[in-house]
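Notes follow the structure.
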Amino acid sequence: MAVPVEVLLPVAPAIPVIVATVAEQAVPLKVQAIGNVEVQTTVAIKSRIDGQVVKVGFGDGQDVAQGQVLFEIDARPLHAQLQQAQAALARDKAQLERARAQEARYKDLLQKGFVSQDAYAQFRTNVDTAEATVRADEATVENARLQTEYAVIRSPIEGRAGKILIQQGNLVKANDTVSLVIINQLSPIYVSFAVPEQYLGVIRKYMASGKLAVEALPPNAGEGTVTGASAGAGGVSSGAGSSGKLAFVDNTVDAATGTVRLRAVFANKDKSLWPGQFVTASVTLNEQQNALVVPSQAVQTGPKGQYVYVVKDGVALMREITVERADGPLTVV
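Yeah, the sequence shown ends on 332 if you go by numbering that gives the first Met the number 0, and it's all consecutive.
Set out below in structure tokens:
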């Protein structure tokens, strides 16, 4: 006959939990979408003249200032052409002075009746011809001077240079298909994104009363957030980036996707946004006052929908809730 034996079963230790207080607070009403960073201005640098590159004044990927010398092309042939044009101008000016002196002398003789009108007309024509020749020479000198200036290529904008495509010592052609380098303006910079057309009305409504703030979060930004800036807003530097507003709403809805294109301009002083980069963009439309919020991690999903555990008299009770929307770490219920 078996004798019953009592054994002790291990008791599972209590699992500690963290509780949080449900609060009423102002919560921003946001529209979120995936956006793409776009440069405001991009310039493909090309030469206007033929010649040999004798100097490169910057490095690959370097920041360049507006007006900074990028390339220098051998200008000696151009200087020779300029001197030749200046010499021709000086010669034709001397001939003009001689023609004017002859015209003045024959005009005096015409008034005294010593020469005919036809004879005087020839000298008057010589003056007009000489004046036209001088004007053409002046235009030639100016063009030669411009060609000489084109030998020094300066940056038309402030921005970041890409890879140098033509190195020192190479020959370049005027308006060649290959650029010398491409410069992108990084500050300010655009972020373009599309939102569902259902938000178009409310976005236009709030834009009518003022600029809307935009936030853009790069993929590897960690906890940092960059806040967008309109072109005219300037932007205020913060710990995570620059601040500003929504700048543009497209004038049509894409019928294929049912979305409308938006664009914000970011000050981007710290260069945290990079051309071509994908970001999470959020437009802050308004603030919902006295919203009932709970931590997002406390919201669970069950067979009947979403719920939270409510602590009452030391006991956790399940309470079904209706979630209005989530805003990062907080959920409005």
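Just so you know, even glycine gets a beta-carbon here, dropped at the ideal spot from N, CA and C.
Enclosing alpha helix (DSSP H) for residue i [first to last residue]
i: Q166; result: From DSSP, Q166 is part of no alpha helix (DSSP H); its letter is neither H nor E.
i: D107; result: 75 to 111
i: K204; result: 199 to 207
Under the three-state DSSP convention, the category residue i falls into
i: I152; result: strand
i: R123; result: helix
i: D49; result: coil
i: Q39; result: coil
i: V314; result: strand
i: A135; result: helix
i: S281; result: strand
i: E146; result: Going by the sequence as given, residue 146 is Gln instead of Glu. Note: Q146 maps to helix in three-state DSSP.
i: D59; result: coil
i: V307; result: strand
i: A263; result: strand
i: A22; result: strand
i: T128; result: helix
i: A239; result: Any answer about A239 is weak, because its pLDDT of 48 lies below 50 and its placement is not dependable; what the coordinates show is given next. Reduced to three states, the DSSP call for A239 is coil.
i: Q276; result: coil
Distance between beta carbons of residue j and residue i, contact taken as under 8 Å
i: N346; j: V38; result: Because the chain here runs from 0 to 332, residue 346 falls outside it and cannot be looked at.
i: F122; j: Y149; result: Not really, about 41 Å apart at Cβ, beyond 8 Å.
i: L284; j: V331; result: That pair is no contact at about 14 Å.
i: G168; j: V52; result: 6 Å
i: L245; j: A263; result: 5 Å
i: L81; j: A160; result: 30 Å between Cβ atoms; not a contact.
i: I163; j: V180; result: 5 Å
i: Q116; j: L108; result: 11 Å between Cβ atoms; not a contact.
i: Q276; j: P217; result: 6 Å
i: E286; j: L28; result: 7 Å
Boundaries of the beta strand (DSSP E) in which residue i is found, first to last residue
i: K268; result: That residue, K268, is in no beta strand (DSSP E); it is neither H nor E in DSSP.
i: E214; result: 212 to 216
i: N183; result: 180 to 183
i: N250; result: 245 to 253
i: I188; result: 188 to 195
i: A160; result: 158 to 160
i: I17; result: Looking at the DSSP string, I17 is not in any beta strand (DSSP E), and its letter there is neither H nor E.
i: V68; result: 68 to 72
i: Q299; result: 299 to 301
i: T330; result: 329 to 331
Requested in this report: Evaluate contact between the stretch 67 to 79 and the stretch 183 to 199, counting only Cβ atoms and requiring at least three cross-stretch pairs below 8 Å.
Outcome: no
Query - Segment contact flag, the stretch 118 to 134 with the stretch 28 to 46, C-beta cutoff 8 Å, min 3 pairs - result: no
Query raised in the report: Would you call the stretch 84 to 97 and the stretch 51 to 66 touching, i.e. three or more CB-CB distances under 8 Å?
Result: no
Report task. State whether the stretch 15 to 23 contacts the stretch 270 to 277, with contact taken as three or more CB pairs (one from each stretch) at a distance under 8 Å. Result -> Segments in contact, no.
Report task. Determine, using beta-carbon pairs with one atom in the stretch 41 to 59 and one in the stretch 152 to 164, whether at least three such pairs fall under 8 Å. Result -> yes
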